[in-house]
Amino acid sequence: MTDLETFRKEARSWLEANCPPEMRQPVKADDDVCWGGRNWVFSSPAQKQWLDVMAAKGWTVPDWPVAYGGGGLSPEQTKALRQEMAKLNCRSPLNSFGIWMLGPALLKFGTEEQKLHYLPQIARGEIRWCQGYSEPGSGSDLVSLQTFGEDKGDHWVVNGQKIWTSYADKADWIFCLVRTNKEDKYQGISFLLFDMTTPGVTTKPILLISGASPFCETFFDNVAVPKHQIVGELNRGWDVAKYLLGHEREMISGMGGDGGMASLGSFYADVLADNPVLRAEMAMFEVENLAFRAHSERFMDEWKTGRAHPAYSNLMKYVGTELNKSRHELVMAAGGSDALEWESARTNGGARPRAWLRTKANSIEGGTSEVMLNVVSKRILEMPGA
Amino acid sequence: MGLYHTEDQAMLKDSVAPFLAENGSIKQLRSLRDSNDATGFARDLWSQFAEMGLNGILIPEAEGGLGLGHVEAGIVLEEIGRNLTQSPFLSTAVAAVEALRSASADIRGQWFPKIAGGEAVIGLALEEGKKHNPAATALKAERSGNGFKLTGAKTFVVHGHVADLLLVSARTAGAAGEEAGITLFAVPRDAAGLTAEADRLVDSSMSARITLDGVQVDADAVIGEVDAGWAPLTALLNAGRLGASAELVGVGTGAMDMTFDYLKQRKQFGKVIGEFQALQHRAAHLYGEMEGARSIVLKAQHMLDDGDPRGEMFVSAAKAKAAKSTNLAVREGVQMHGGMGMTDAYDIGLYMKRDRALNEVFGDLYFHADKLAKMNGY
Ligand SMILES: Cc1cc2nc3c(=O)[nH]c(=O)nc-3n(C[C@H](O)[C@H](O)[C@H](O)COP(=O)(O)OP(=O)(O)OC[C@H]3O[C@@H](n4cnc5c(N)ncnc54)[C@H](O)[C@@H]3O)c2cc1C
Ligand SMILES: Cc1cc2nc3c(=O)[nH]c(=O)nc-3n(C[C@H](O)[C@H](O)[C@H](O)COP(=O)(O)OP(=O)(O)OC[C@H]3O[C@@H](n4cnc5c(N)ncnc54)[C@H](O)[C@@H]3O)c2cc1C
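Residue numbers (the numbering used here), protein chains in the order written: chain A, 1 to 386; chain B, 1 to 378.
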């Protein structure tokens, strides 16, 4: 047996022994997935137990170094672990912007002190992070952001407003882009970390078309941020921000694979039998879904081993989110008038139409599809022009 | 194993790519076409393929081949696609070899060395209508003497007029449309009662309509079992479909690269047209489609090589996706070349023609999307 096969076998028996049965059920409600943080209320003892055992093993972040709370696994082992988790239907023990976004940025740009301080908290789900990038006047054109940090010697005083800050009202800390030099557009932004309970931070939830309020307007009124809470160099936060976006886009692209390789059409065989044109559309989707799954697997294999083009996650984000939107269009069409029901317990509170509406944000959040196409065209295809 | 080429596979690509660019280029396609060549491919190149060992790529080592897999065959086919090379490689060295694995030791011993040595071309006589439908086989095989007598007609037999051997699907039981009751035969093309009428196709390849008028074959001409030809036929079709998909990826990537080069050169409105966002977005979208096709083809290759039971389903997904993406690549290619795209002097139109033929062979996008739906129970 190769080392990888041995690892796979051991991982499987460990998961079988340690993943509570409740944590192998499909995710139904929002709080079925643990986001951690100071204010997290575990939806069941099993959810807490699952997080604790996985965190102790370093497997909430299997490929991070052990010193920072990770599992120290190789890309191949990480992939094998994920495959075994998928086979056993294990839920993710912890979802977090810390894992997906801030962590990779800290690993690359953080000081040793910062890594030792922040990363284990993320790995154990103790601190929940939110992302303060977008502003009312700076969405796609993020680099035009205006939130300003005034130098006060040993700290900055931050003033300004962010918008679309996902879970700002639930998060403990924020990673935030702040202008520290008004003269230089690109080299005038710093990447700051601060506690959301710092005096002067307020949040106001925004209601979405899905009826949920997962994100907020976030206001900063004379917020004091100590100087050691900067990641990377002063005024070089844009480098950190872009690197983080690469990871964010990789993460969002994965959402396109909602249902994995499982056939969507097989759930709706009855409806499709009477609706040949819908059946044809479904069949075409099935082709795209399998192609995307393979694409995503290939991308992850290349990305984790340094083979992928550094801008490739932009392409995956575009393909994955557009696919996810078409999946939910088909789910709605196949669901017919049943899928319009918005409130009843029978429909799980209108889960289907709400999920459909939520997916429309996939091609906006983390950079829009149009921006992804711009980046792919310029950085990968090397098309001319600014 | 990761979903990317190993070092050995990358080396194979590095040797095949420049070789075909030199010896099997679009220039050769044009010269075959313009000289009204009756064979449909360059015999010299077929011999060179044999010298490089490529024709035996899927033949087991013990039987004189390289014993490699679908990933490696696909690497060769992608380069064939990129160069629009006319070659019997797909039908002979890939699809036919997979079927012949189930043939008697005699037949294997007779044909594997000839295939590997570049001395034989094999035609696939599977279709009876204008759309791919292998189960619709009606051509009759009746027991006669110690063997069978075959009567009926086949169409879309690529290289059929110059093939040395034809693999013929025939009905020995049941009714047209049923998978059971089909038997696969190895029939020498010079058998009495067999006639081939060749025509040049839109992509300049040569294909034949074949008529069998009471063609007598021995019992050991049967590949696999009588009435159970669906098994070797499935092996043949998996390899053929996936091989055609790899070739399509080569065609699509070739067309795409050519088009992107054009976007970086052609000036209008005082700018290089690649500066226009309307074209940039379509270019980036196309790139994503081709990358998706490349990925599912590689995934399906891994599955066939690993004997994964989902292989057949992924082959259909691969053929469908490769067909869809490459078709987009050639359509965008012609469009983005403007008036130039419509001229015979420019190669982009040749990619469009090749795509059309490859889309059709072994089942098009619609066939495979439908098959995928059926395999998923709807
Ligand atoms: C559900 C959700 C969660 C989010 N979470 C967060 C978060 O946690 N933190 C955070 O900081 N932000 C978050 N965002 C914000 C998100 O990053 C922005 O919405 C996004 O970057 C787009 O900015 P905008 O909304 O200002 O749109 P705009 O930039 O105004 O874009 C409007 C339209 O114009 C198009 N467009 C803009 N520029 C170009 C161009 N150059 N070429 C072609 N088309 C162009 C866009 O593609 C879009 O279709 C979230 C958004 C959503 C929807
Ligand atoms: C069959 C045929 C018959 C014709 N007959 C005649 C005739 O009788 N008389 C005559 O004078 N002409 C004729 N034409 C020429 C025809 O009008 C031109 O081919 C056409 O105007 C396009 O110009 P072009 O070929 O130079 O392409 P280009 O202008 O070089 O365009 C190349 C590509 O770039 C795109 N593109 C160019 N500018 C932009 C932009 N600003 N934004 C986005 N995309 C852009 C185009 O849409 C195209 O896809 C004929 C062409 C054909 C194919």
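Cβ atoms here follow ideal geometry from the backbone N, Cα and C, with glycine treated the same way.
Relative to ligand 1, is the shortest distance from any of its heavy atoms to the C-beta of residue i smaller than 7 Å?
| i | result |
| --- | --- |
| E217(A) | no |
| S144(A) | no |
| A361(A) | yes |
| G366(A) | yes |
| Y133(A) | yes |
| V375(A) | no |
| E250(A) | no |
| K271(B) | no |
| K162(A) | yes |
| E322(A) | no |
| V178(A) | no |
| S140(A) | yes |
| V371(A) | yes |
| S325(B) | no |
| S190(A) | no |
| S210(A) | no |
| T203(A) | no |
Do you know offhand how far residue i's Cα is from residue j's?
| i | j | result |
| --- | --- | --- |
| G308(A) | V217(B) | The sequence shown places Ala at residue 308(A), not Gly. Near 54 Å, if we compare the C-alpha coordinates of V217(B) and A308(A). |
| G257(A) | P214(A) | A caution first: G257(A) carries a pLDDT of 49, below 50, which makes its placement in the model unreliable, though a value can still be read off. About 22 Å. |
| P232(B) | K378(A) | 48 Å |
| V61(A) | V16(B) | 42 Å |
| L100(B) | E76(A) | 37 Å |
| K154(B) | V330(B) | 30 Å |
| F19(B) | I80(B) | 10 Å |
| D34(B) | F41(B) | 13 Å |
| R30(B) | N23(B) | 13 Å |
| I296(B) | L323(A) | 15 Å |
| L119(A) | K28(A) | 29 Å |
| E302(A) | S296(A) | 10 Å |
| T234(B) | L242(B) | 12 Å |
| S91(B) | L54(B) | 13 Å |
| Q49(A) | F175(A) | 28 Å |
Out of the options, which one is the CA nearest neighbour of residue i?
| i | options | result |
| --- | --- | --- |
| C216(A) | I380(A), T203(A) and L208(A) | T203(A) |
| D270(A) | V287(A), S313(A), E329(A) and A334(A) | A334(A) |
| R310(B) | N327(B), V215(B), L372(B) and A73(B) | L372(B) |
| F97(A) | H228(A), A80(A), E250(A) and E84(A) | E250(A) |
| E343(A) | G71(A), A351(A) and K325(A) | A351(A) |
| I209(A) | P384(A), A361(A), A46(A) and R82(A) | A361(A) |
| P20(A) | G69(A), P384(A), M54(A) and F285(A) | M54(A) |
| A125(B) | L350(B), G109(B), G147(B) and V158(B) | V158(B) |
| Y366(B) | N327(B), E332(B), M342(B) and K353(B) | N327(B) |
| A223(B) | A96(B), G333(B) and T343(B) | Per the sequence presented here, residue 223(B) reads as Ile, with Ala not at that position. When each option's Cα is compared against that of I223(B), the closest is A96(B). |
| T172(B) | K149(B), G109(B) and D190(B) | K149(B) |
| G385(A) | E275(B), E197(B) and D305(B) | E275(B) |
Checking contacts by CB at 8 Å: is residue i closer than that to chain B?
| i | result |
| --- | --- |
| G257(A) | Residue confidence is low: G257(A) scores 49 on pLDDT, short of 50, so the model does not pin down where it sits. Its coordinate-derived value is still stated next. No, G257(A) lies away from the interface with chain B (no Cβ there is under 8 Å from its Cβ). |
| R8(A) | no |
| M247(A) | Per the sequence presented here, residue 247(A) reads as His, with Met not at that position. No, H247(A) does not count as interfacial toward chain B. |
| D301(A) | yes |
| R279(A) | yes |
| N324(A) | no |
| E286(A) | yes |
| V376(A) | yes |
| R82(A) | no |
| T347(A) | no |
| A11(A) | no |
| G265(A) | yes |
| E297(A) | yes |
I'd like to know if residue i contacts chain A, where contact means its C-beta is closer than 8 Å to some C-beta of that chain.
| i | result |
| --- | --- |
| V272(B) | yes |
| A373(B) | yes |
| Y378(B) | yes |
| I80(B) | no |
- Query: Near ligand 2, which residues have their beta-carbon closer than 7 Å to a heavy atom?
  - Reply: R266(B), Q268(B), F269(B), I273(B), F276(B), A278(B), L279(B), Q335(B), M336(B), H337(B), G338(B), G339(B), M340(B) and M342(B)
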